[in-house]
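Numbering (full-length UniProt numbering), first residue to last: 1 to 90. Idealized CB from N, CA, C, for every residue including glycine.
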């Protein structure tokens, strides 16, 4: 969501591409977020006590996902010759 926000804010991604999905999400926003909010409030003391480990585990898991996706993408796609570039590897 953060990447989507940055792309939209910098106008790299046209807003008209995401408008249809936005209308659906806004229509069901209460249905999607109220149960999550209630669940967070039930475990607020536990989350407050374990805030550091939760943040660290989220950061580490995000980095692991980035590495795995980039590695698998490199394996699947490999190095490609760039058209018009002299001396490119085959």
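request  = May I ask you to report which of helix, strand or coil DSSP gives residue 1?
outcome  = To locate residue 1, count along the chain shown from 1; it is residue 1. Coil, per DSSP.
ask   = Using the C-alpha atoms, what's the distance from residue 61 back to residue 71?
value = Sequence index remark: in the chain shown, residue 71 carries index 71 (1-based). Sequence index remark: in the chain shown, residue 61 carries index 61 (1-based). In a straight line, the C-alpha of residue 71 is about 15 Å away from that of residue 61.
request  = Measure the beta-carbon distance from residue 46 to residue 40 and round it to whole angstroms, keeping in mind my assumption that it falls under 8 Å.
outcome  = Start at 1 with the first residue of the chain shown, and residue 46 comes out as number 46. Start at 1 with the first residue of the chain shown, and residue 40 comes out as number 40. Between the beta-carbon of residue 46 and that of residue 40 there is about 10 Å, and that puts the pair past the 8 Å contact cut.
key: Nearest-angstrom Cα separation, counted from residue 75 out to residue 32   = Taking the first residue of the chain shown as 1, we reach residue 32 at position 32. Taking the first residue of the chain shown as 1, we reach residue 75 at position 75. The straight-line gap from Cα to Cα measures roughly 37 Å.
message = Given this structure, state the Cα-to-Cα distance separating residue 59 from residue 15, to the nearest angstrom.
response = One-based indexing of the chain shown puts residue 59 at position 59. One-based indexing of the chain shown puts residue 15 at position 15. CA-CA distance, residue 59 to residue 15, rounds to 29 Å.
query = By how many angstroms is the C-alpha of residue 38 removed from the C-alpha of residue 77?
reply = One-based indexing of the chain shown puts residue 77 at position 77. One-based indexing of the chain shown puts residue 38 at position 38. For residue 77 and residue 38, the distance between alpha carbons rounds to 44 Å.
key: Extent of the continuous alpha helix (DSSP H) to which residue 20 belongs   = Along the chain shown, read from residue 1 onward, the residue named residue 20 stands at position 20. Element bounds for residue 20: 15-27.
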